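Worksheet: the structure to be examined is printed underneath.
In our numbering, the protein residues as written are 131 to 1115.
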C-alpha cells in the first residue's frame, strides 16, 4: 500500500480532532449534572411548581459559572455551543411543524375584503385543500377562475387596493396578478419565519432548530430540552396581535339596557336548563341598579344570560362570568338577533374577555368602543421596543415604547380617555390584559406605556419577546408535533447506550473468535470507526437521535462486512499457495470492488431516506451515511496498516482464522440453482399468504399515516388496556385505541378525536379529558400539571405525545411511497451501469420486492398478536429502506463474485454461478449472523420505541440473506438462459 505515512498522519489527526470535538460534550455533561444536583438539593419536591423552580435554579447555577474557564481552553457557554446535539427523543423537548395560514395572508393582502367572489373562492379552496396535494394558493387561483365571472383579481376591492398599489393596478389581467401574489405570499412566509426565529432565539432554549419546509408555508421548529411545554407551544403559535381600545365609562346605561333586552330575547331563542338556584332579586338589583324592578321578574323564570352573571366586573369591565360559561356567553352575544339589539350609541361594540389569572374560576367581560370596520384605535405595529420590568408595586410587567406615529396616536387616545372618563384596554391576541384609566390631563406623551396584570416573570419575558419580534402575518397552526418528557429522554439514552455496549462487545468478541489476531486488528479499526462517527456528528453539528444510535449500532454490524470480505479473500489467496505479503495485497485488492459496490448501494438508499425522511428518521440516515464513509476508511486503510505492520515483523504469523474456524465453509458445494424451483415455490407461497393478509387484514397504520393524536402514558401500577379503552371510547367516541406499550403499567393511546381541528385549545381539551378519565388509576395527589408531558419528574403520567394532522399524514404517506420507489429506481440504474446487464438489475430488484412483501406480510399477520408495537410509521419505512439497502448489499457482493468468476471461466450453464455463490457463503452468513446479533441486542435492550423498527429489520435481514442466494441470482440466471444457449453470454 502506497502513502502509508500520509494515511497514518491523516488517521492520527482525524482521531485527535474527534476526541477534541467530543471533549466539549463531556465538559457540559459534567457541569449540567452539578447544576441538577445543586437544584435538587436546594428545594423540596413538595413545593408548588417544583419543576419550574428546579429549572430556574439550574439556569441560575449555569449562568453563574457560564464564563468560568475550564481546562484552560473553554468555558461552559462556549462548550454548550460545540457539544454533541441530542435530539428531543434523547433529551426531551418539542418538535412541531407549523402551517402558516396562506388564507390569512390572502385576506390581509385583500384588506379583509367582503367581496363575495373572493370569499367564495377562499371557501372552495378550503374544501379542495382537504383532498389535494397542491398548495393552498394554487387551489385558490383555480377556485377563483371557476367562480369569477367578470370579476378580476385586480379589482379595487380585492388586490388592486391601496396596500398593493405599487405593484398591482386595476388594468392588470389575472395572469399578470398571480405571480405578484405568489411573490407577496412568499415574502409573508419569510417574514413569519423570521418572526418565529426571533421568538425562538429569545426563548432561551439551547441548540434550537428552525427551518422552512418547501414553499407550502410550513416551518419546522425543534426545541430539545424544553421542559415548560405549554410555554414553548404558546410562544411559537401566538399571533401577537396587540391592540389598544377605548372602553365605555363605568355603569354605561345603554349597555345595561342592552343586557336586559338580550336576556329577554334569549328566552325565546334558546332552551335553558336551570342547574343552579336563581340569584336573589336583591343581587341582580346590585348588578343592574339602573334597571327598573318591573323589567326583571327573576323569581318565576329562568334567565339565559342573567343566570350566568356572577357579579360586577372590576374597573371598566361589564360583568363577571364563570370561566366555564364563557363559550356559551360568547355564543349568545354573537347571535345576529342579539347584535341587532345594541342601542345606537353602543352599536359598534366589541365584546372581549379578560385574560384569566392562573387557577381563576371567574373572568371579566369587557365592552370596547369599536367602529364599522371593527378596527382598533392603535395596533401593535407601532411598538418599537418591549421589555420585561416591574411596576410601581414590584409586580412583573411589560414596558413598551412606540414609534413617532404611535406616540401621537397614544397621546390622542389617552387624552380622550381622560376627558370621557373611560379606560384603555390593552388587548393581546383577543384577550384584555389590563384596562387602566387615564388620570393625566392632556394625555400621555412620549409613546411609553406599561402592561400590568397577574404575570409571572417568565410570562413578561415571553410577551416582551413576542412583541419585539413582531406579530405573525398570519395564524400558525400546529399540524404535526412530537413532545417528549425529559424522563423518557433519559430512559432512551440509558437503553440506547446499553444496546450499543452489548452490540459492541458481541462484535468485538466474535471477530477475535473467528479471525484470531486479524480479528483484533479489525476490532481496533472498528473502535476508531465509532470514534470518527461521533467526531463527524459533532463537527457537522448533526443531531443524535435514538434511531441515530440504532443507525450507529447497525453500522457496527455492517462495517464488519468490509473486514469479513477482505479476510475471506485473503484466505482464498492463501489457499492458492501465495505468500503472506502477496495474499494480503491481492486479498485487499480483490475485495475492494465488492466493498465499494455494496456500500454505494446501501449509501444510495440511506441518501434517499435522508431526502424524504423527517425528524428522527433523518438522524438515522445521517449516522448511516457517516458510518458507511468512516467504515470504508477504517476497513480499507486502517486494517491494512495494522495487518501490514504485523506481518512485516520477523517471526510473526497471521492465519486469519482460529483452530475452531479454520476449516469452516471449506469445500462446500451446494447446488443453489438446482434448488431454485423449490425456492420459487416457497417464496410464492409466503408472498401469497402475505398479500392475502394485506388485502383482508391490512396493516396497523400509526398516526404518521392516518393522522390523530398519540399519548404514551405510564402508571404506578399495572392497568387493563381494554378497561381503559372502553372508558375512553365513551369520552372520545369510537376509534380510540389503547394497547400495552412495553411494561404492563404503560399504555399507548391513539385517538382520531377532533383530528381536523387545529389549535392548542384542542390539545389542552384532550389532555384534560385524559386526566379526568384516568385520574383513578394515578397515585393520590397527582395534579393535572404533574400529569401532562414534560412536567412529571417521577415518570408517571404522559411521557410522550405525538400529533399528526390529516394533511401532513397524507404527505408522509406520499413521501414514504416516493422513498421506496425512488430507492429501487436508483439502485436498478446503478446495478445496470455497474454490471452492464439489465438481468442483474432485474434480479436485484425482484429480490428486494420479494423481501419487502414478506416483511409487510409478516407485519400484517402478526400485528395483533405481538407483545410490542407493530404500527406502520415513519420508523417502519426507515426499516424497510434499510432492509432494501442490506438486501442489495448482499446481492451486489454475490453478483460481483459471479462477474469475476464468469469473466475468468465462463458461464458453463450455471456451474460457475454456483461456484460464486458457494465462495461467498462464508462472508454472507458471517455478516448476516453478526448483523442479526447486533439487531437482537437493540431489540432486547434498546427500548420499546425501537422494537417494531428492529423486528422489521431482523425479519428483513433473514429474508434478504435468503433472497440474495435463492431469488436474486436465480432470476438473473433464468433471464440470461437464452443468451447462454445462443452463445451471446
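Glycine is no exception: its CB is placed at the ideal position from the N, C-alpha and C atoms. Source: prediction; values computed, not measured.
Exercise. Which residues in the same chain as residue 529 place their Cβ atom closer than 6 Å to its Cβ, once the five residues preceding and following it in sequence are excluded?
Worked result: Counting only Cβ-Cβ distances below 6 Å, and skipping sequence neighbours, we find 517, 519, 580.
For this session: Return yes when the Cβ of residue 438 is within less than 9 Å of the Cβ of residue 459, no when it is not.
Result: yes
Problem set entry | Contacts around residue 1091, its chain only, beta-carbon distance under 8 Å, and the 5 residues preceding and following it disregarded | 1020, 1054, 1055, 1058
Problem set entry | Contact check, residue 830 vs residue 1001, beta carbons under 9 Å | yes
For this session: Just tell me which of 645, 643, 649, 688 has its CA closest to the CA of residue 660.
Result: 688
Problem set entry | Nonlocal neighbours in the same chain, by C-beta distance under 6 Å from residue 287, ignoring five residues either side | 243, 245
Problem set entry | Option nearest residue 810 by Cα separation, candidates 193, 484, 1093, 758 | Minimum Cα distance to residue 810 is reached at 1093.
Exercise. From 489, 657, 477, 266, pick the residue whose C-alpha is nearest to that of residue 454; which is it?
Worked result: 489
Problem set entry | Cβ distance (whole Å) where residue 644 is taken to contact residue 788 below 8 Å | Yes, they are in contact, since the Cβ atoms of residue 644 and residue 788 sit about 7 Å apart, within 8 Å.
For this session: For the segment 1016-1031 and the segment 765-772, state whether three or more C-beta atom pairs, one from each stretch, are separated by less than 8 Å.
Result: no
Problem set entry | Rounded separation between residue 236 and residue 940 - CA only | 24 Å
Problem set entry | residue 216 - partner residues in DSSP beta bridges | As computed with DSSP, residue 216 is found in a beta bridge with 674.
Problem set entry | Assigned secondary structure, residue 309 (DSSP; H/G/I helix, E/B strand, else coil) | helix
For this session: For residue 863, count neighbouring Cβ atoms within 10 angstroms of its own Cβ and tell me buried if that reaches 16, exposed if not.
Result: exposed
Exercise. Hey, which unbroken runs of the beta strand (DSSP E) at 3 residues or more fall wholly within the segment 859-933?
Worked result: 867-870, 876-881
For this session: Answer yes or no: do residue 1083 and residue 1072 have a C-beta to C-beta separation smaller than 9 Å?
Result: no
Exercise. The alpha helix (DSSP H) spanning residue 987 covers which residue range?
Worked result: 968-992
For this session: Would you mind working out which of 963, 984, 533, 289 sits nearest residue 308, comparing C-alpha positions?
Result: 289
Exercise. Is the number of C-beta pairs between the segment 727-741 and the segment 638-657 that are closer than 8 Å three or more?
Worked result: No, the segment 727-741 is not in contact with the segment 638-657.
For this session: State whether the segment 568-582 contacts the segment 536-547, with contact taken as three or more CB pairs (one from each stretch) at a distance under 8 Å.
Result: yes
Exercise. In whole angstroms, what separates the C-alpha of residue 834 from that of residue 912?
Worked result: Rounded to the nearest whole angstrom, the CA to CA distance from residue 834 to residue 912 is 31 Å.
Problem set entry | Euclidean distance between Cα positions of residue 922 and residue 844 | Legend: pLDDT at residue 922 = 49, less than 50; position of this residue unreliable, value from coordinates given subsequently. Cα to Cα, the separation comes out at about 10 Å.
Problem set entry | The alpha helix (DSSP H) enclosing residue 1077, as first and last residue numbers | 1077-1093
Exercise. What's the gap between the Cα of residue 456 and the Cα of residue 445?
Worked result: Residue 456 and residue 445: Cα-Cα distance of roughly 19 Å.
Exercise. If you check the beta carbons only, do residue 757 and residue 145 fall under 9 Å apart?
Worked result: Against a cut-off of 9 Å, the Cβ pair of residue 145 and residue 757 comes out as no contact.
Problem set entry | Spatial distance of residue 711 from residue 1028 (CA atoms) | 26 Å
Exercise. Which same chain residues, not among the five before or five after residue 420, have their C-beta less than 8 Å away from its C-beta?
Worked result: For residue 420, the pLDDT reaches just 43, beneath the cut-off of 50, and the residue's location in the model is therefore unreliable, although a value from the coordinates is still provided. Closer than 8 Å at the Cβ level, and outside the excluded window around residue 420, lie 381, 383, 386.
Exercise. Are the segment 623-635 and the segment 732-741 touching, with three or more C-beta to C-beta distances below 8 Å?
Worked result: Short answer: they don't touch.
Exercise. Would you call residue 354 buried or exposed, if buried means 16 or more other Cβ atoms sit within 10 Å of its Cβ?
Worked result: buried
Problem set entry | Short Cβ contact (9 Å threshold) for residue 225 with residue 137 | no
Problem set entry | Where residue 114 sits in the DSSP three-state scheme | No statement about residue 114 is possible, as the shown extent of the chain runs from 131 to 1115 and does not include it.
Exercise. Hey, how far is the Cα of residue 533 from the Cα of residue 311?
Worked result: 29 Å
Problem set entry | Three-state secondary structure assigned by DSSP to residue 738 | Of the three classes helix, strand and coil, the one that applies to residue 738 here is helix, per DSSP.
For this session: Kindly give me the distance between the Cβ atoms of residue 498 and residue 479, rounded to whole angstroms, as I take these residues to be in contact under 8 Å.
Result: Sure, about 7 Å apart at Cβ, within 8 Å.
Exercise. Can you name the start and end residues of the beta strand (DSSP E) that residue 776 belongs to?
Worked result: Segment 769-777 is the alpha helix (DSSP H) holding residue 776; no beta strand (DSSP E) there.
Problem set entry | Proximity test, Cβ basis, 9 Å: residue 899 and chain D | The structure shown contains no chain D, having only a single protein chain.
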